[in-house]
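Below you'll find the structure, written out as structure tokens, and then a few comments.
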Amino acid sequence: MLGFPILSLMLAVPLVAAFICLFVNAPMARTVALAATLANLALGVVLWCQFDVGGAQWQFQESKELFSGFAWKLGIDGIALLLIMLSVFLMPICVLASQSIEKRVGEYMAAFLVMETLMIGVFAAQDLFLFYIFFEAGLIPMYLIIGVWGGAERIYASYKFFLYTLLGSVLMLIAMIWMVQEAGTTYVPTLMAYDFAVDAQKWLWLAFFASFAVKMPMWPVHTWLPDAHVQAPTAGSVILAGVLLKMGGYGFIRFSLPMFPQASADFVWLVYWLSMIAVVVTSLIALVQHDMKKLIAYSSVAHMAIVTVGLFSFNTQGLEGAMVVMLSHGLVSGALFLCVGVIYDRLHTREIDRYGGLSINMPKYALFFMLFTMASIGLPATSGFVGEFLALAGIYQQSSLVAFVAATGIILGAGYMLYLYRRICFGDHKNADAAAMPDLNLREWAMLAPIAAAVLWMGVYPESFLAPMRNDIRYVETRLAAGKPVGDAQLTAGKPAAHADHVEHGGAH
Amino acid sequence: MDLLQSLRIAAPEQLLSISAIVLLVASAWGQTRRDARAVTWLAVLTLFVAAVMTAPVLFQGLRGEAASAFGGLFSGDAFAAFAKLLIYAAAGASLLVAPAFFEKHRAYRPEYPVLVLFAVLGMGIMVSAQDLLTLYMGLELNSLAAYVLAAFLKPDQRSAEAGLKYFVLGALASGILLFGMSLTYGFTGTTSYAGIAAALSEGTVSKGALFGITFVLAGLAFKVSAVPFHMWTPDVYEGAPTPVTTFFATAPKVAALALTMRVSLEAFGPQSAAWQQIVIFAAIASIVVGALGAIGQGNIKRLLAYSSINNVGFILLGLAAATPAGASAMLFYLAVYVAMTIGGFVAVLMLKDAKGNYVEAIADIAGLSRTRPLLALGLATVMFSLAGIPPLLGFWGKLVVFQAVVEAGMVPLAALGIAASVIGAFYYLKVVKIMYFDEPAGKVTGKSDMVHEWLLAICALFISPLGYLITKCLIALATVSAGVLFVAA
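Those protein sequence lines, which keep their order, are chains A and B. Under this note's numbering, the first residue of the first sequence carries the number -13, and numbering increases by one thereafter. Under this note's numbering, the first residue of the second sequence carries the number 2, and numbering increases by one thereafter.
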């Protein structure tokens, strides 16, 4: 362990930088923001290096009784570690992607830096109310980011984003208050091990579900997402898709599943049905979009449905798969929004039909875009494949029907993503202005290359990412084991003997 | 319980009355601008000294016999001290912001601080009252001063209208309250809180006493502007001069709410089931009506008036719980509410156009974040805090109230209240939207006073996340103070 409170430091660095950004001019604010996010990335690398894989469940713990009713308690397990890494990894890229922002740069950077603090706080908080404060506080900067720097419909989108998520969360707050009174503590690890009465679990689960389902977002409460995504500036979309949506999934795996295992099992039908509908419906909607950002936003909803399916498959594979899909989607959808941002900066339209044939004049861009398209579809050797395969393998053991329907989502995903790619990059030039766009510059290289490397790393050697959270996933699984529902998939083991025989036979030649 | 002890317990009230009378006499000779300022500063000093005299009571957690004065008519206990400190702070703030405002209208006179002092004295008596008659005396002293204050800006018709409305409706409320008191006296045979509690604790409550309780609560609901007795609030808040509105929205609210707590929990405490449903209705109705009513408002003072109705609803939720935790939550919420409201109205006072005229239309503050970024930040902080969005302190105020409600086993009530708070978030967001998203209207260009800037900064810091650092101390004090009310139980 380290001698200094690294988590508090990671929270403080962006916050201090945010204050500085408010009082300096635009170029200086950009520099400060980039420096702070890079510093936090460095701290994140230290955190990961120092993280003892297979060691204590909670590491880097800090505890200060600063407030009445709750405490400044921080600490991470493997799951939180990876999500924090995702946040600190995407932040410098977001700052770079904000070059096209020209008005009120200082405030913009401040909002993003505050956002970073709050995101890390959500994943690092070990106190229920502290978690809620970080979780909800994110609304304010995001509201401002969408509303001030967003597109034409930004005001409607910002309201929708704010009120939807707020309504989802306040019910969770009541549930939290009840839990704290029942269990007599706000300490999350204790609550994770606390067995609430089965009747109460149902209500609590529903209240948490209301919040996380909106954040996730699950069908049918996903409608804020396309609006918010489309109207937010590029970097805002990256943060929304990359990290904010993960708060929903994180909420499920940290709260709903281990705290209310029985209710999770009882409501599994609800999650399955909503996920199945989401996969098919939002994929179909994505297929007919004319707006690039909207298409990717709907694809996010579909991917998040795979996450919920994996989370509620009640086995290690499904849970691990869900986590990898979350990480992968954070990188890939973030990267896809950046790809959209790159050409949006040049042509100032998100209309798919205005582009075409970009592989002729922007070959490097087309290459990156291709990689992320494939990762989104889930091609082997990319991160998407690992996550989706594991999640589907997990759910297959639980419910064949859900596995079948979720898998069609991947086929549809291939459909809309390849269709998008064809319309943008292939074919002949359709518009002179699109044909005249220059290829990636150095800044855009610096944004996309690290994500591409991470996507390939996760696709080729996922063990680096699976190892830190293995024990934590197992812990969730043991909490769930008691109430595990009986699925429709009654798998029986195969006959390995025959297989061995075959190998022997083959070896003889 | 000799006279000396009684006088010692009521020392802050004596200081206030002597000081108010002396200043009143002095102001008969000094009517210049400089005299008025001097009187203001002396009044602030008086409030400060009174606060210093009151604070030890709070920290010692004085209660019961040790705090009782004048044969049980008056109590200088920790609960009264908590409320009084809030009242002094709120009154001090509304004195500090006044000179700049009235001088613009050439209407500043030394009577303003004197009237505020008398009102504060009345409020001190209200929160310390242990008897319905003491209560009424304090209430009327406060109200009479307040009626004049509402109409203080003589050249302004809206101010005169506000004063008249406030007077007529306030008198009606006093009548209702008196009627309730007389019924209570008739059916319990006493006017002292302890006596009423003793009479009510035997068996079920009689129909006559129930009527008494209902009328007393209706009269008090009027004073705290809880729905359905809230109609005067937007008109009076809009019409009264802004420093007076600042005062109305804070100090008398604290006093009336503290008084309501005292009457409900001390006098009517044994029959809490009889009044709980009234309070629950008033709370939920205030939250909803306050939130819905604010949506269409174009004047920021009216908007803040509806916001105060909405906040009173949340505070009353704590009373609905009728537990020590609920009462402590109410006190904590009141402290946060005072800071938020003063911050809000001070920010409004800082909205001036190039000629120094005061801007009140919400549309005119469009784009404030670009012309006056710090002022916009302050006002946005207040708005988000009023909406109860973490990490601002307004959130914690709401949370402790809901905690108390859930603890009392009223989970559906908590769920309903918190869901209604989302409606409220809408109009607070609207103000932020206008300040941050819209193009600058270029109206608010005037300079603001240093005093205003400091007050806003202090309030904003208090409700910022830094405020959480003092929650430990503040909630401990609130808990001690609230415990005083549950002596008998």
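C-beta atoms are modelled at their ideal positions from N, C-alpha and C, and glycine is treated no differently. For clarity, every value in this text was computed on a predicted model and none was experimentally measured.
Could you check the C-alpha separation between T478 (chain A) and Q383 (chain A) for me, to the nearest Å?
The alpha-carbon atoms of T478 (chain A) and Q383 (chain A) are separated by roughly 10 Å.
Neighbouring residues, chain A, relative to Y469 (chain B) (Cβ below 8 Å)
Residues of chain A passing the Cβ test: L52, F53.
Taking only the alpha-carbon atoms, compute the straight-line gap between V423 (chain B) and G124 (chain A) and give it to the nearest angstrom.
One C-alpha to the other measures close to 16 Å.
Using the Cα positions of A(-2) (chain A) and S314 (chain A), report the straight-line distance between them to the nearest angstrom.
Their Cα atoms are separated by approximately 27 Å.
Of all the residues that make up the region 147 to 158 of chain A, which are near chain B by a beta-carbon distance shorter than 7 Å?
Of all residues in the region 147 to 158 of chain A, F148, L149, L152, L153, V156, L157 have a Cβ within less than 7 Å of some Cβ in chain B.
Let me know if K224 (chain B) comes out buried or exposed under the rule of 16 or more other beta-carbons within 10 Å of its beta-carbon.
Buried: at least 16 other Cβ atoms inside 10 Å.
Is the Cβ-Cβ distance between V81 (chain A) and A19 (chain A) less than 7 Å?
Their beta carbons are under 7 Å apart, which means V81 (chain A) touches A19 (chain A) by this criterion.
With H, G and I counted as helix, E and B as strand and the rest as coil, what does DSSP make of A494 (chain A)?
A caution first: A494 (chain A) carries a pLDDT of 44, below 50, which makes its placement in the model unreliable, though a value can still be read off. In this structure, A494 (chain A) counts as helix in the three-state DSSP scheme.
Are the CB atoms of D414 (chain A) and S86 (chain A) nearer to each other than 7 Å?
At least 7 Å separates the beta-carbon of D414 (chain A) from that of S86 (chain A).
Under 8 Å by Cβ, that's how I've got H453 (chain B) and V347 (chain B) pegged, so tell me the actual separation to the nearest angstrom.
Yes, H453 (chain B) and V347 (chain B) are in contact; Cβ-Cβ is about 5 Å, under 8 Å.
Collapsed DSSP secondary structure at G213 (chain B) in the structure displayed
Looking at G213 (chain B) - three-state DSSP - the assignment turns out to be helix.
Over the uninterrupted alpha helix (DSSP H) stretch that includes E361 (chain B), give me the two end residues.
Taken as a continuous stretch (DSSP letters only), E361 (chain B) belongs to no alpha helix (DSSP H), as it is neither H nor E.
Distance cutoff 7 Å, beta carbons only. Does A123 (chain A) sit that close to anything in chain B?
Interface with chain B (7 Å Cβ-Cβ cutoff): A123 (chain A) is included.
Alpha-carbon to alpha-carbon, M14 (chain A) and S250 (chain A)
One C-alpha to the other measures close to 49 Å.
Can you give the Cα-Cα distance for L59 (chain B) and F83 (chain B), rounded to whole angstroms?
Cα to Cα, the separation comes out at about 6 Å.
Can you name the start and end residues of the beta strand (DSSP E) that W58 (chain A) belongs to?
First-last of the beta strand (DSSP E) with W58 (chain A): 58 to 62.
So with Cβ pairs under 7 Å, would you call Q404 (chain B) a contact of chain A?
Yes, contact with chain A.
For the alpha helix (DSSP H) containing F117 (chain A), name the first residue and the last one.
Run containing F117 (chain A): 114 to 123, per the alpha helix (DSSP H) assignment.
Does the ligand GDP have even one heavy atom less than 6 Å from the beta-carbon of A479 (chain A)?
Among the ligands in the structure shown, none appear at all, so the ligand GDP cannot be discussed.
L318 (chain B) and V237 (chain B) look like a contact to me (Cβ under 8 Å); what is the Cβ gap, rounded to whole Å?
Wrong, their Cβ atoms sit about 24 Å apart, outside the cutoff.
Can you give me the Cβ contacts of F333 (chain B) inside the same chain, cut-off strictly under 7 Å, excluding the 5 residues immediately before and after it?
Result list for F333 (chain B): G398, V401, L475, I476, A479, in chain order.
Of all the CB atoms in chain A, is at least one closer than 7 Å to the CB of A108 (chain B)?
Residue-level contact check: A108 (chain B) does not touch chain A, since none of the beta carbons of chain A fall below 7 Å from its beta carbon.
Spatially closest choice to A355 (chain B) from B:Y307, B:S183, B:Q298, B:A442, by CA coordinates
Checked all of B:Y307, B:S183, B:Q298, B:A442; the closest Cα to A355 (chain B) is B:A442.
Please check if any C-beta of chain E sits within less than 7 Å of the C-beta of T472 (chain B).
Of the chains in the structure shown, none is chain E; the protein chains are A and B.
Bridge-paired residues (DSSP) for F75 (chain B)
In the DSSP output, where bridge partners are listed per residue, F75 (chain B) has B:A70, B:A130.
Note down, in chain order, all residues in the region 435 to 462 of chain B with a beta-carbon under 7 Å from any beta-carbon belonging to chain A.
For the region 435 to 462 of chain B, which is checked against every Cβ of chain A, the residues closer than 7 Å are Y437, F438.
Starting from the C-beta of A70 (chain B), find all residues in its chain whose C-beta is less than 6 Å away, skip the five residues before and the five after it, and write them out in chain order.
A distance below 6 Å between beta-carbons, with the five flanking residues on each side excluded, links A70 (chain B) to the following residues of its chain, in chain order: S7, I10, A11.
Closest residue to V264 (chain B) among B:T246, B:V217, B:F385 (Cα-Cα distance):
For the residues B:T246, B:V217, B:F385, the minimum Cα distance to V264 (chain B) belongs to B:V217.
Going by other Cβ atoms of all chains shown within 10 Å of its Cβ, with 16 needed for buried, is K24 (chain B) buried or exposed?
Correcting the residue type first, residue 24 (chain B) is Leu in the shown sequence and not Lys. Per the 10 Å Cβ criterion, buried.
Using 10 angstroms around the beta-carbon of F9 (chain A), count the other beta-carbons present and answer buried if the total reaches 16, otherwise exposed.
By the 16-neighbour rule on beta-carbons within 10 angstroms, F9 (chain A) is exposed.
DSSP three-state call for A152 (chain B): helix, strand or coil?
Reduced to three states, the DSSP call for A152 (chain B) is coil.
Please tell me whether G307 (chain A) and G316 (chain A) are closer than 7 Å, where the distance is taken between their beta carbons.
Cβ distance not < 7 Å, so G307 (chain A) and G316 (chain A) don't count as in contact.
Taking beta-carbon pairs under 7 Å, can you tell me which members of the region 162 to 176 of chain A lie near chain B?
Those residues of the region 162 to 176 of chain A that come within reach of chain B (Cβ to Cβ, closer than 7 Å) are I163, W164, Q167.
In angstroms, rounded to a whole number, what distance separates the CA positions of A4 (chain A) and R16 (chain A)?
Whole-angstrom Cα-Cα distance: 11 Å.
What would DSSP say about S226 (chain B), mapped onto helix, strand or coil?
Look at S226 (chain B) here: in three-state DSSP terms it is coil, with no helix or strand label.
Spatially closest choice to A186 (chain A) from A:L260, A:A169, A:T176, A:S197, by CA coordinates:
Closest option to A186 (chain A), Cα to Cα, is A:A169.
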